[in-house]
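Just so you know, the sequence shown maps onto residues 15 to 116 in the numbering used here. Glycine included, each C-beta is placed from N, C-alpha and C at the ideal position. First the structure, in the form of structure tokens, and then the observations on it.
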Amino acid sequence: MRAFLRSADDTLPGKFEITREGIVHDLLAPDGPHELTTSRLRKRLEEVTPEGLVAHAGASDVEDESEGVTRRPDIMVITEEDMDVEGPFDARTLIALIGWTP
Numbered sequence: 015m016r017a018f019l020r021s022a023d024d025t026l027p028g029k030f031e032i033t034r035e036g037i038v039h040d041l042l043a044p045d046g047p048h049e050l051t052t053s054r055l056r057k058r059l060e061e062v063t064p065e066g067l068v069a070h071a072g073a074s075d076v077e078d079e080s081e082g083v084t085r086r087p088d089i090m091v092i093t094e095e096d097m098d099v100e101g102p103f104d105a106r107t108l109i110a111l112i113g114w115t116p
């Protein structure tokens, strides 16, 4: 599933995630109000987040390899050190996340 995700992610519209049940394909792009809310929440989190932590709102994958799950949350709180990796972020390193769950 991971290989398919990598090949399809740049060629097909929408957002892909791997769940325990299989691949989730969200065809809808986030709309303006959703993006505005995400931006405001990220800014508020950054204001209260201690040094060394980041409130990240980007198109970064989070993976739990042991569960075979790859997700793309709207916002995550993670240490700068744990962001400095190649590939998806390790789900076990997240301090918090905000995202839509189907």
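Can you look up residue i in the DSSP assignment and give me helix, strand or coil?
i, result
"L108", "coil"
"T25", "coil"
"A69", "strand"
"R85", "strand"
Between the options, which lies nearest to residue i when the distance is taken from Cα to Cα?
i, options, result
"R56", "A69, G36, T63, D45", "A69"
"E95", "F103, R54, V62", "F103"
"D75", "L67, T25, E31", "E31"
"G101", "T25, R54, E79", "E79"
Output the boundary residues of the beta strand (DSSP E) element that contains residue i.
i, result
"D96", "Not the beta strand (DSSP E): D96 falls in the alpha helix (DSSP H), residues 94 to 97."
"E77", "76 to 78"
My guess is that residue i and residue j are in contact by the Cβ rule of under 8 Å, so how many angstroms apart are they, rounded?
i, j, result
"V91", "L59", "6 Å"
Taking the alpha helix (DSSP H) that residue i belongs to, which residues open and close that run?
i, result
"R56", "46 to 62"
Less than 8 Å separating the beta-carbons of residue i and residue j?
i, j, result
"R20", "E81", "no"
"T52", "D88", "yes"
"E77", "A110", "no"
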